[in-house]
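Colleague:
Structure below.
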């Protein structure tokens, strides 16, 4: 999603964030950040990628300071579709800290998540493909295994679990299983009515959270 | 340059473009495209890079359709700081044609410029480092050698010459030597007053052009 | 294939090359080049990749001079599984010319093949995926289209056609359609008896060639 | 170094390894591994790089099984001149374990070394450029800082310190400072007589080691 279609979803997310008092992260194309940041007031805009370059170099690279000034508050790093070298990832986390961008780093195995935890990001998104077919199928086991491994190294890191979320029930189960947060791209994109699906999911987070905290 | 500082330069460029009736291309960070496109009316906003991905895939990649919808009218490809594989470059030119973005492709040798000419971009920027120290030092020889090589393959391609432009006199000489266009990053960035330098350069283009066409 | 298994195939290729008087190119892992070059006397050993680095730099890169000294006589560049930037490809062809290695460059579209032809390699391997479903399905049309496009730019470049070769009949048809050469990896690897299949294919080349030249 | 020149050095290393009873790792071009493994009997041949591919795919990639079969006993990963994505590095360490190759992984900061330690390599080579200018200038402080950080995570990992080794005295100091091992490329390459310098360095290791263990 991009442009006007993305703006419509962002406005629905803004509304849902306010209505349910739940924090929502959106991760648009870099060229949509400025527009979305101006047109919303509750959602958090994260860039999809950032390069660890200094100001004044790197035509074609995504500059940390430029993201910040356009309204982004955080950045995804090392997504499976944009893998980073270890040196760049380490440096990008430092640059994000310098300019004040929250870092959300993707891992594709538990061992990789443990390595990333040493680099002190704010959020880790573990998507351990290795678990597929191992018998660790329940949401609960999966969430506990990855969360425990990361927390053992650094308990300040938040863990966002994003495997196969398709609807409100999946979201509810994930939060009840102990995830700090959850996320989806295809679950929203493939929904017949993305805005309605977003409302359903955010509502599910609120419900799960309230039940866990006796509200 | 990015954010507010870039916006100030863009407004000066917008003014100079109108004042001297000269076409100006700006190449900002992707996150500044939307803002600059809204706040200017004469300059042409080109993205610094684009990936040849289809809609719906490629987190962290720069989507052609998203650039277009944010206000970009063109894109730089294969910049020396963002070299592309031949397969990606070929595909990116096709994708740009599809969505209606002008392609400006960089080459770092005459032979590379000839290869790029076969891919049918709109503009080629030859920066033949190989010429350094070969005796072909005058602007005129340099411009003629590269322009001739490209035109021989496809005479529709425009050639933008961008080697070592520091001031209005350099710009004047380059246009008089036969370049379709010229450009600079450091010449503007390092100037004490970038807006004044920009005005000087655009004025020089106008003068050179008028002298060449007897106006 | 690698190690002892590759050596067995190389010896069969060596025998077939001599028996049918047909030139055969083998493209082993870099660590097998030295062994194969010593143990064969007719086949031509090409490396699978090479980096355009100078002597004395580039840990982890494949050095042209080292390939040459180990017994390689040529190198594949820009294979679809190892795409190169245009700048590296252009430079690698120059480095190969310097040290005396034959260059065989892969292209994945006709337009890409035309761009590569400008870089003056010795051999181009066009595998135009774009032709799929276009109606240009016969071997003959396919071979003529790509060969003509390349020859128009530089008639010294040899064209090796390698699409979907499974057996001796495919090889025969390809040569009769006008290809300078043909090749296969999976056709040999997936054969029940790779050495027998290799003999069948080389025999087919000989037969096709002799028929075309009235012997 | 490559080819015959490398073979001469390898033979001198083989002799020094035997003479001083010190383990020596050589890291040649992939195309020299087979020759060096056959012509030496004491030195350990490590490849300069390896890709985490399975057998049967990846033209142009370096296959773990092929390295092993050619005589390599280990592999360097993530060298500063061949940086790997975190996902590839993690996978390459697993593949090396599978085929029985020792892993030696480079890090360019202490934080990066800590991340790598989570991936369970056999050896880490920390070259913390960040320490430059921090006052931690003595070999001893430098070695202790990096070794401590790595050991805290996994005490089985050996630490090879390789910063600025130019002669036998540097080697002696490094081992006395607590390094498990040390290494150099330029110290040997730039020596007037590389074989003599190699003997001097290996002798220095023996001396330092014996002094530390009261022999």
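Protein chains in written order, with the working numbering: chain A, 86 to 300; chain B, 86 to 300; chain C, 86 to 300; chain D, 86 to 300. Quick reminder that beta carbons are idealized off the backbone N, C-alpha and C, glycines included.
(1) Rounding to the nearest angstrom, what Cα-Cα distance links residue 177 of chain D and residue 135 of chain D in this structure?
(2) Is the number of C-beta pairs between the segment 225–232 of chain C and the segment 246–264 of chain C that are closer than 8 Å three or more?
(3) So, do the segment 151–162 of chain D and the segment 127–146 of chain A have three or more beta carbon pairs nearer to each other than 8 Å?
(4) Using a Cβ-Cβ cut-off of 7 Å (strictly less than) and excluding sequence neighbours within five positions of residue 273 of chain B, which residues of its own chain qualify?
(5) Could you pull the start and end residues of the beta strand (DSSP E) that residue 94 of chain A belongs to?
(6) Closer than 8 Å is the cut-off here; do at least three beta carbon pairs connect the segment 99–108 of chain D with the segment 118–128 of chain D?
(7) Hey, residue 389 of chain D and residue 152 of chain D: beta-carbon distance below 8 Å or not?
(8) Check residue 272 of chain D in the structure and name its three-state DSSP category.
(9) Does the beta carbon of residue 241 of chain A sit closer than 8 Å to a beta carbon anywhere in chain D?
(10) Can you have a look at residue 140 of chain A and say buried or exposed, based on whether 16 or more other CB atoms are within 10 angstroms of its CB?
(11) Let me see if you follow: with CB-CB separation under 8 Å, is residue 201 of chain A close to chain D or not?
(12) Can you tell which of B:112, B:166, B:263 and B:86 has the C-alpha that lies nearest to the C-alpha of residue 236 of chain B?
(13) Less than 7 Å between C-beta atoms, sequence neighbours within five positions excluded: which residues of the same chain meet that for residue 292 of chain C?
(14) Between which two residues does the alpha helix (DSSP H) containing residue 128 of chain B stretch?
(15) Can you list, in chain order, the residues of its chain with a C-beta nearer than 8 Å to that of residue 169 of chain A? Leave out the 5 residues immediately preceding and following it.
(16) Could you check whether the Cβ of residue 115 of chain A sits closer than 8 Å to any Cβ belonging to chain B?
(17) By DSSP, does residue 159 of chain C sit in helix, in strand, or in coil?
(18) In the DSSP assignment, find the unbroken beta strand (DSSP E) run with residue 208 of chain C in it and report its ends.
(19) Who are the neighbours of residue 163 of chain C on chain B, taking C-beta pairs under 9 Å?
(20) Compare the C-beta of residue 126 of chain B with all C-beta atoms of chain A and state if any pair is closer than 8 Å.
(21) Would the beta-carbon of residue 116 of chain B fall within 8 Å of that of residue 119 of chain A?
(22) Hey, residue 130 of chain A and residue 157 of chain A: beta-carbon distance below 8 Å or not?
(23) May I have the straight-line CA-CA distance separating residue 111 of chain D from residue 209 of chain D, to the nearest angstrom?
(24) Could you tell me the boundaries of the beta strand (DSSP E) in which residue 246 of chain D lies?
(25) In whole angstroms, what is the alpha-carbon distance linking residue 275 of chain D and residue 225 of chain D?
(26) From the DSSP output, read off the bridge partner residues of residue 188 of chain A.
(27) Identify the continuous alpha helix (DSSP H) that holds residue 313 of chain C and give its terminal residues.
(28) Mapping DSSP to helix, strand and coil, what is residue 204 of chain C?
(29) So, is the C-beta of residue 136 of chain B closer than 8 Å to a C-beta in chain C?
(30) Taking DSSP's pairing of strands, which residues face residue 110 of chain B in a bridge?
(31) Measure the Cβ-Cβ separation of residue 211 of chain C and residue 181 of chain C and say whether it is below 8 Å.
(32) Counting C-beta neighbours from all protein chains within 10 Å, is the total for residue 108 of chain B 16 or more, i.e. buried, or is it exposed?
(33) Quick one, are the C-beta atoms of residue 259 of chain D and residue 270 of chain D less than 8 Å apart?
(34) Answer with yes or no whether the minimum CB distance from residue 183 of chain B to chain C is below 8 Å.
(35) How many angstroms separate the CA atom of residue 298 of chain C from the CA atom of residue 261 of chain C?
(36) In chain A, which residues lie less than 9 Å from residue 204 of chain D when you measure between Cβ atoms?
Modeller: If we stick to the structure as given:
(1) Translated into positions along the fourth chain, residue 177 of chain D becomes position 92. Translated into positions along the fourth chain, residue 135 of chain D becomes position 50. Distance from the CA of residue 177 of chain D to the CA of residue 135 of chain D, rounded to the nearest whole angstrom, comes to 7 Å.
(2) Yes, they touch.
(3) The segment 151–162 of chain D vs the segment 127–146 of chain A: no contact.
(4) Working through the second chain from its first residue, we reach residue 273 of chain B at position 188. Counting only Cβ-Cβ distances below 7 Å, and skipping sequence neighbours, we find 279, 282 and 283.
(5) For this step, residue 94 of chain A is matched to residue 9 along the first chain. In the DSSP annotation of this structure, residue 94 of chain A is not part of any beta strand (DSSP E); the continuous alpha helix (DSSP H) holding it starts and ends at 88–105.
(6) Yes, they touch.
(7) Outside the shown range of chain D (86 to 300) lies residue 389 of chain D, about which nothing can therefore be said.
(8) By one-based count along the fourth chain, residue 272 of chain D stands at place 187. For residue 272 of chain D, the secondary structure class from DSSP, reduced to helix, strand or coil, is helix.
(9) By one-based count along the first chain, residue 241 of chain A stands at place 156. Contacts with chain D at 8 Å (Cβ-Cβ) do not include residue 241 of chain A.
(10) Within the first chain, residue 140 of chain A is the residue found at index 55, counting from 1. The residue is exposed, with fewer than 16 neighbouring Cβ atoms inside 10 Å.
(11) Position 116 of the first chain, counted from the first residue, corresponds to residue 201 of chain A. Cβ-Cβ to chain D under 8 Å: yes for residue 201 of chain A.
(12) Translated into positions along the second chain, residue 236 of chain B becomes position 151. The option with the nearest alpha carbon to residue 236 of chain B is B:263.
(13) Along the third chain, one-based indexing puts residue 292 of chain C at 207. Answer for residue 292 of chain C: 257, listed in chain order.
(14) For the purposes of this step, residue 128 of chain B is taken as residue 43 along the second chain, with counting starting at 1. Run containing residue 128 of chain B: none; DSSP gives neither H nor E here.
(15) What you label residue 169 of chain A is simply residue 84 of the first chain in a count that begins at 1. Around residue 169 of chain A: 162, 163 and 177.
(16) Working through the first chain from its first residue, we reach residue 115 of chain A at position 30. For residue 115 of chain A, the nearest beta carbon of chain B is closer than 8 Å to its own beta carbon.
(17) Looking up residue 159 of chain C in the third chain gives position 74. Shown here, residue 159 of chain C sits in a strand according to DSSP, grouped into three states.
(18) What you label residue 208 of chain C is simply residue 123 of the third chain in a count that begins at 1. Membership of residue 208 of chain C in the beta strand (DSSP E) is indicated by the continuous run 208–211.
(19) Counting from 1 along the third chain, the entry for residue 163 of chain C is found at position 78. Correct list: 170, 171 and 172.
(20) The residue labelled residue 126 of chain B in the question sits at position 41 within the second chain. By the rule that beta-carbons nearer than 8 Å mark a contact, residue 126 of chain B does not touch chain A.
(21) As a first step, residue 116 of chain B must be located in the second chain, where it is residue number 31. As a first step, residue 119 of chain A must be located in the first chain, where it is residue number 34. Contact flag set, yes.
(22) Position 45 of the first chain, counting from 1, holds the residue named residue 130 of chain A. Position 72 of the first chain, counting from 1, holds the residue named residue 157 of chain A. Residue 130 of chain A is a Cβ neighbour of residue 157 of chain A, given a cutoff of 8 Å.
(23) Numbered from its first residue, the fourth chain carries residue 111 of chain D at position 26. Numbered from its first residue, the fourth chain carries residue 209 of chain D at position 124. Near 16 Å, if we compare the C-alpha coordinates of residue 209 of chain D and residue 111 of chain D.
(24) One-based indexing of the fourth chain puts residue 246 of chain D at position 161. Residue 246 of chain D -> beta strand (DSSP E) spans 243–246.
(25) The residue you call residue 275 of chain D lines up with position 190 of the fourth chain. The residue you call residue 225 of chain D lines up with position 140 of the fourth chain. Between residue 275 of chain D and residue 225 of chain D, the C-alpha separation is close to 25 Å.
(26) Counting from one through the first chain, the residue named residue 188 of chain A turns up at place 103. Per DSSP, A:160.
(27) There is no way to answer for residue 313 of chain C, as the model of chain C reaches only from 86 to 300.
(28) Within the third chain, residue 204 of chain C is the residue found at index 119, counting from 1. In the three-state DSSP reduction, residue 204 of chain C falls in the coil class, being neither helix nor strand.
(29) In the second chain, residue 136 of chain B corresponds to position 51, counting from 1. Interface flag for residue 136 of chain B against chain C is unset, since no Cβ pair is found closer than 8 Å.
(30) Indexing the second chain from 1 puts residue 110 of chain B at position 25. DSSP, once it has assigned bridges, lists B:129 as partnering residue 110 of chain B.
(31) As a working mapping, residue 211 of chain C is identified with position 126 in the third chain. As a working mapping, residue 181 of chain C is identified with position 96 in the third chain. It is not a contact, given that the beta carbons lie outside the stated cut-off.
(32) Along the second chain, one-based indexing puts residue 108 of chain B at 23. Per the 10 Å Cβ criterion, exposed.
(33) Here residue 259 of chain D corresponds to residue number 174 of the fourth chain, with the count starting at 1. Here residue 270 of chain D corresponds to residue number 185 of the fourth chain, with the count starting at 1. Contact: no.
(34) As a working mapping, residue 183 of chain B is identified with position 98 in the second chain. It does not; no Cβ of chain C falls within 8 Å.
(35) Walking along the third chain from the start, residue 298 of chain C turns up at place 213. Walking along the third chain from the start, residue 261 of chain C turns up at place 176. Rounded to the nearest angstrom, the two C-alpha atoms are 11 Å apart.
(36) Taking the fourth chain and counting its residues from 1, the one referred to as residue 204 of chain D is at position 119. Using a Cβ-Cβ cut-off of 9 Å, residue 204 of chain D is close to 196, 197, 199 and 200 of chain A, given in chain order.
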